[in-house]
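Undergrad: The opening position of the sequence shown corresponds to residue -11 in the numbering used here, with each subsequent residue numbered one higher. Beta carbons: idealized from backbone N, C-alpha and C, even for Gly. Pasting a structure here, questions to come.
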Amino acid sequence: KNIVLPVTMKLGKLIEQRYPGIKIIYSRTTDEYTTVKERTTQANENKAKLFISIHANHKKLEESDKKGFEVYLLNKERMPEAVQFTLKENYKLLFTQFGNDSLDKFIFASLAHAGYTRLSEYLANIIEMNMLSYTELETRGVFQAGNWVTLGASMPTVLVETGYLSDINDEKYLSSEKGQNDVAISLFNAFQNFKILYESQ
């Protein structure tokens, strides 16, 4: 909450200042938890053109030291597998959040997202490029995976892990005003590049 939320709000402010006509939909603006259903439903119902999910990572106890940012997008070829995995591993949570009728909608929205893979790939790559150019963070790469945090959003989506809070240098940088501004500016620059491509389609 002390890193992700400030970065998100800074990014939103940059977009609002440069593009006042663009409507920004925040999954949260205060220290509150929002469910998977609330995030994806909110995006779909508002016919959002883009979904950026911002997070901060933490290594598992059994893992070796990790540092740097990661960018994730849903893999078109693995979409059915991702849906099945999500239902299998998170069925109780999804059943509670989506209910019987909405589960079908969730699956169809997830499969519909496959049509936006190229745009998601482009955005993920330019986010990595800008994060490398404008921040002090290392890149761990762009990954294609069945990430269930954004599964269900029928639009171009990426998930950005801004860094590892378990790494002292990442944590110090991301907790600073400079670090948060750097990340927000990087994402804003990537957004502008994406906007140009999207509007040329």
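(1) What does the alpha-carbon distance come out to for the pair Glu149 and Phe131?
(2) Quick check: the Cα distance between Leu(-7) and Ala133, rounded to an integer number of angstroms?
(3) Alpha carbon to alpha carbon, how far is Phe86 from Glu33?
(4) Beta-carbon separation of Ala141 and Thr28 under 7 Å?
(5) Per DSSP, what kind of secondary structure is Gly9 in: helix, strand or coil?
(6) So for Ala31, helix, strand or coil by DSSP?
(7) Determine the closest residue to Ile42 out of Phe182, Asn(-10), Thr(-4) and Asn157, with distance taken between C-alpha atoms.
(8) For Ile173, which three-state DSSP category applies?
(9) Going by alpha carbons, who is nearest to Leu62 out of Lys(-2), Val146 and Asp158?
(10) Only counting runs of 3 or more residues, tell me where the beta strand (DSSP E) segments fall wholly within the region 115 to 150, in order along the chain.
(11) According to DSSP, simplified to helix, strand and coil, what is Tyr110?
(12) Please name the residue or residues paired with Glu58 in a DSSP beta bridge.
(13) Would you mind reading off the limits of the alpha helix (DSSP H) that contains Ser163?
(14) Contact between the region 102 to 119 and the region 156 to 168 is defined here as three or more beta-carbon pairs at a separation below 8 Å; is this criterion met?
(15) For Lys55 versus Tyr152, is the C-beta spacing smaller than 7 Å?
TA: Well, looking at it:
(1) 11 Å
(2) 24 Å
(3) Because Phe86 carries a pLDDT of 49, less than 50, the predicted location of this residue cannot be relied on, and the following value inherits that uncertainty. Their backbone Cα atoms lie some 14 Å apart in a straight line.
(4) yes
(5) coil
(6) helix
(7) Thr(-4)
(8) helix
(9) Val146
(10) 127 to 133
(11) helix
(12) Gly129 and Glu149
(13) Ile156 to Ser163
(14) no
(15) yes
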